[in-house]
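Participant: Sending over a structure as structure tokens; questions will come in a sec.
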Amino acid sequence: MNAAHPNDELKKDLGAALGARRDLGDDYESALVDSFLAKVDAKIDSQVERQVRRGLAEQAVDRHRRPGRRGWRGDALPYVSLVLAVPLSGIGAGSAGLTGLVVSWIGIVAVNAAHAWSPHLSGRRRDGSAGSDWEK
1 MNAAHPNDEL
11 KKDLGAALGA
21 RRDLGDDYES
31 ALVDSFLAKV
41 DAKIDSQVER
51 QVRRGLAEQA
61 VDRHRRPGRR
71 GWRGDALPYV
81 SLVLAVPLSG
91 IGAGSAGLTG
101 LVVSWIGIVA
111 VNAAHAWSPH
121 LSGRRRDGSA
131 GSDWEK
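Encoded structure:
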């Protein structure tokens, strides 16, 4: 990759546009500004396109290689919740009948669903940010 700052080319173009404006006068000012802005737009478009391509490539890699889940929050939670479902079902049905049984199973399903859709485990960031070359 080039060691020069990515905006050095734009700085040179701006300097050339200012020099040309001094040489040519006010008559060509709008044409010079339009030309410079077109270069800035092209630079922004290329940066955005590169960011989108990088994001799409990362998503493709993530689809094929999910981060491993470790510990009790990983693959063990569904099994642990099923083991605990037996006594919870008994307690719920024994104390509140069918309503207690249904409530205990709704809780078990809710815990497993929340775990399955957890952004931390699926590799997504909570804020959706991926960083930016503009911040460097």
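This note's numbering numbers the first residue of the sequence shown as 1 and each following residue consecutively.
Here a beta-carbon is modelled for each residue, glycine too, at the ideal position from N, C-alpha and C.
Fair warning: this is a prediction, and the values are worked out from it, not measured in the lab.
With three or more C-beta pairs closer than 8 Å as the rule, is the region 35 to 44 touching the region 10 to 26?
Facilitator: Short answer: they touch.
Participant: What's the C-alpha gap between residue 35 and residue 62?
Facilitator: In the sequence shown, counting from the first residue as 1, residue 35 sits at position 35. In the sequence shown, counting from the first residue as 1, residue 62 sits at position 62. Going from the Cα of residue 35 to the Cα of residue 62 covers about 41 Å.
Participant: For the alpha helix (DSSP H) that contains residue 144, what are its first and last residues?
Facilitator: Outside the shown range of the chain, which is 1 to 136, sits residue 144, and nothing can be said about it.
Participant: What are the boundary residues of the alpha helix (DSSP H) that residue 112 is part of?
Facilitator: Your numbering for residue 112 matches position 112 in the sequence shown. Where residue 112 is concerned, the enclosing alpha helix (DSSP H) stretches over 76 to 116.
Participant: Can you tell me whether residue 25 is helix, strand or coil according to DSSP?
Facilitator: Translated into the one-based positions of the sequence shown, residue 25 becomes position 25. Three-state DSSP puts residue 25 in coil, outside helix and strand.
Participant: When you compare the CB positions of residue 92 and residue 82, do they come within less than 8 Å of one another, or not?
Facilitator: Stepping through the sequence shown from its first residue, residue 92 is reached at position 92. Stepping through the sequence shown from its first residue, residue 82 is reached at position 82. Result no, Cβ atoms of residue 92 and residue 82 do not sit closer than 8 Å.
Participant: Verify whether the separation of the beta carbon atoms of residue 105 and residue 95 is less than 8 Å.
Facilitator: For the purposes of this step, residue 105 is taken as residue 105 along the sequence shown, with counting starting at 1. For the purposes of this step, residue 95 is taken as residue 95 along the sequence shown, with counting starting at 1. No, the pair does not count as a contact, with Cβ atoms beyond the cut-off.
Participant: Can you find the residues in the same chain that come closer than 6 Å, C-beta to C-beta, to residue 77, ignoring five residues on each side of it along the sequence?
Facilitator: Along the sequence shown, one-based indexing puts residue 77 at 77. Excluding positions up to five away in sequence, the list reads 115.
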